[in-house]
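Protein chains in written order, with my numbering: chain A, 954 to 1396; chain B, 1484 to 1564; chain C, 14 to 210.
Beta carbons are placed, not taken as given, at the ideal position from N, Cα and C, and that holds for glycine.
One structure below.
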């Protein structure tokens, strides 16, 4: 590593790995529950498991982004982190809030509202935590010697995410208004500012791994951002089709959301072309796998599978079914999980000095997790299409249809097992790297 | 004859006039939609190739512009047939 | 093509990455054309469910206004092209004049459009009147927003040309391309909304 304070990143990623383990576990709880093996029902009913599964996802990715920022920004700005002790404080606070929230879910302490279930009081603590995070980063950037496009895009995405958390904190009596503003958080996060975060991390990785000129790489980052906002802002309308607002959103949301895959296509072409243009001399093969993998799978999951169900005529039938889960799993995996794993795979050797660049366990982890997720997504697709046809087209009862599609959940669990095996190998790797050490500091 | 910018704007005026006349007197013709859109496509190409100087650009861009127009006029013609 | 080539205004337009104005503006133009194109296709598909409604509604639009607005934008485009021509010739005062004429064309478009909007509102033909008018208002309003942004760009270009510095030809072309794009979109909107149904 180039700067001592980059070590902070390690601890955020450790939190990520822990939360990911919980996410996978609760995923299994739900999978088995769907098949009738619901032994934990008394303590972990399905809705609790679902909420924990979603919330741990979001927080492990956020912690992953925070770690990425704490690693990337000192290196890009060419200075040590500002007040690193505050970064540790921020991490501990985030962990405590997270533990409180997750525990609370098991005691029915929540406010409903998918993805934004944490009680309002904890919202304020999260907001303060994130403000602290942004202040540390901004002070680091300002005192740095260089201010690159990559840094500003990454910071901008994180700041944007912070600002966009606020609409979810407004209280409404009207369910319609509540839904309307809830999507300002969820959609404008994952189909807006999080794409900036992904773009910034991807730019950093491409610069480091391909050796292509920074100017060339950063120029294309502008294209990606432009396409993201051109399509994504009004694309929020694809969450407004059937919630009780003006029918104009059917037209606006449908057209603009259909354009959203373009941003991910741009990222794929950008990453692959920069790799082809580069020297192909970087020893960290696994980091290259995860980086290019993220660029490709994000297009498939977020772009293609998103397009599959974004048109209002389709969404009328597929809304809130397992088709949504099909898209959600591959999209989150490809765009956000893989980019976090990519920056981790790149950074961990630099932080710890152990150059696990191309070892069998690492490659197994990559392939198993990706094969696993694709099997899962296929299972969701098959189950989802069956569900849509039986329930929405033919009108059969929800419960009866769920019984009919049970076999797909066996396939889902198989896929999840393969994914989890990959995840376990990754976590073993994480542990085998050991702790970050000053010996790994580049002089 | 070589297209200058001045010639181009004159052509564009003529085509606009033609479109106006055609739309007023030929309503009900079987290829009405295609012809109106076709006239607009020609104007589109004049603006793009002459005013925006895309005649000097890489063939791929020229192709994209023409292809876009073919798709647009084609799809709308089929839908409104 | 090096930075020095570009600064010396020796741009090789045949280079895929350097169409007139640069690749970024053309990516933007293609995305905009696809967006408006998709909306017009949605309009057409929607019309099949209600051809009589679309025909009657279309007749309530003033195609003469539309044709005059077409003339305004085309003429404005001509002046925009002349602006770029004179910038390349380093005749910045002539360029500024043509730039001003282009802006006037845009303003005339907006004036007539405002009159048209006023008349529609007076007759109660607002955005929720029927689906044709929903599309009419959405499409023309989005277009108006682009014209307003374009006028802003032209204004800044005018200020730069008046200062008689050495303008960056790529930026001038990019600004001009954005303005021409407004014209291109109108060339598709006009027949679709005012003539076809």
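Relative to the Cα of residue 1036(A), the nearest Cα in the group 1046(A), 1023(A), 1159(A), 965(A) belongs to 1023(A). Closest by C-alpha distance to residue 110(C), out of 173(C), 151(C), 206(C), is 173(C). Contact between residue 1049(A) and residue 1009(A) is ruled out by a C-beta separation of about 15 Å, above the 8 Å threshold. The continuous alpha helix (DSSP H) containing residue 983(A) extends over residues 961-987. The beta-carbon separation of residue 1329(A) and residue 1282(A), rounded to 6 Å, stays under the 8 Å limit for a contact.
For the pair residue 1014(A) and residue 1290(A), the CB atoms are nearer than the 8 Å cut-off.
Nearest CB-CB separation between residue 96(C) and chain A: not below the 8 Å threshold. Bounds of the alpha helix (DSSP H) holding residue 83(C) are 76-101.
Residue 1211(A) is positioned such that its CB atom lies no closer than 8 Å to that of residue 1176(A).
Listed in chain order, the non-local C-beta contacts of residue 1058(A) below 8 Å within the same chain comprise 1001, 1004, 1005, 1008, 1070, local neighbours out to five positions each way being set aside. For residue 1543(B), the chain C residues whose C-beta falls within less than 7 Å of its own C-beta are 29, listed in chain order.
Rounded to whole angstroms, the separation of the alpha carbons of residue 1487(B) and residue 187(C) is 21 Å. Setting aside the 5 residues that flank it on each side, residue 93(C) is surrounded in the same chain by 115, 189, 192, 193, each with a C-beta closer than 7 Å to its C-beta; the list follows chain order.
For residue 189(C), the enclosing alpha helix (DSSP H) begins and ends at 182-203.
Put simply, of 1243(A), 1197(A), 1267(A), 1169(A) the residue whose alpha carbon is nearest the alpha carbon of residue 1223(A) is 1169(A). In this structure the region 113-133 of chain C touches the region 75-87 of chain C; the number of beta carbon pairs closer than 8 Å is three or more. The distance from the Cβ of residue 185(C) to that of residue 205(C) is about 31 Å, inconsistent with a contact at the 8 Å cut-off. Of all C-beta pairs linking the region 1150-1166 of chain A to the region 1186-1194 of chain A, fewer than three are shorter than 8 Å, placing the two stretches out of contact.
Flagged as an interface residue toward chain C: residue 1503(B), by a C-beta distance shorter than 8 Å. With contacts defined by Cβ atoms closer than 8 Å, residue 1034(A) and residue 958(A) form a contacting pair.
Within 10 angstroms of the beta-carbon of residue 1500(B) lie fewer than 16 other beta-carbons, which makes it exposed. Near chain C, meaning a CB-to-CB distance below 9 Å, the residues of the region 1152-1182 of chain A are 1172, 1175, 1176, 1179, 1180. Ranked by how close their Cα comes to the Cα of residue 142(C), the residues 1199(A), 1239(A), 1181(A), 1092(A) have 1199(A) in first place. Cα atoms of residue 53(C) and residue 202(C): separation of roughly 8 Å, rounded to the nearest angstrom.
When C-beta atoms of the region 1508-1526 of chain B are compared with those of the region 1545-1562 of chain B, three or more pairs fall below 8 Å, so the two segments count as touching. Under a 10 Å Cβ-count criterion, residue 27(C) is classified as exposed, with fewer than 16 other Cβ atoms of the shown protein chains found around its own Cβ. Residue 1303(A) is positioned such that its CB atom lies no closer than 8 Å to that of residue 1156(A).
In the structure shown, residue 1274(A) adopts coil according to DSSP, grouped into three states. The beta-carbon separation of residue 1085(A) and residue 1295(A), rounded to 26 Å, does not stay under the 8 Å limit for a contact. In this structure, DSSP gives residue 1232(A) a state outside helix and strand, which the three-state scheme calls coil. Interface residue (Cβ-Cβ distance to chain A less than 8 Å): residue 52(C) is classified as such. Per the Cβ contact rule, the region 1334-1353 of chain A is not in contact with the region 1379-1393 of chain A (fewer than 3 Cβ pairs under 8 Å).
Look at the region 179-208 of chain C: the residues with a C-beta under 7 Å from a C-beta of chain B are 190, 193, 196, 197, 200, 201, 204, 208.
Taking residue 969(A) as reference, the option from 993(A), 1051(A), 1029(A), 1038(A) with the minimal CA-CA separation is 1051(A). Around the beta-carbon of residue 1264(A), 16 or more other beta-carbon atoms lie within 10 Å, marking it buried. 1027(A) is the residue among 1027(A), 1165(A), 1109(A), 1119(A) whose C-alpha sits nearest the C-alpha of residue 1098(A).
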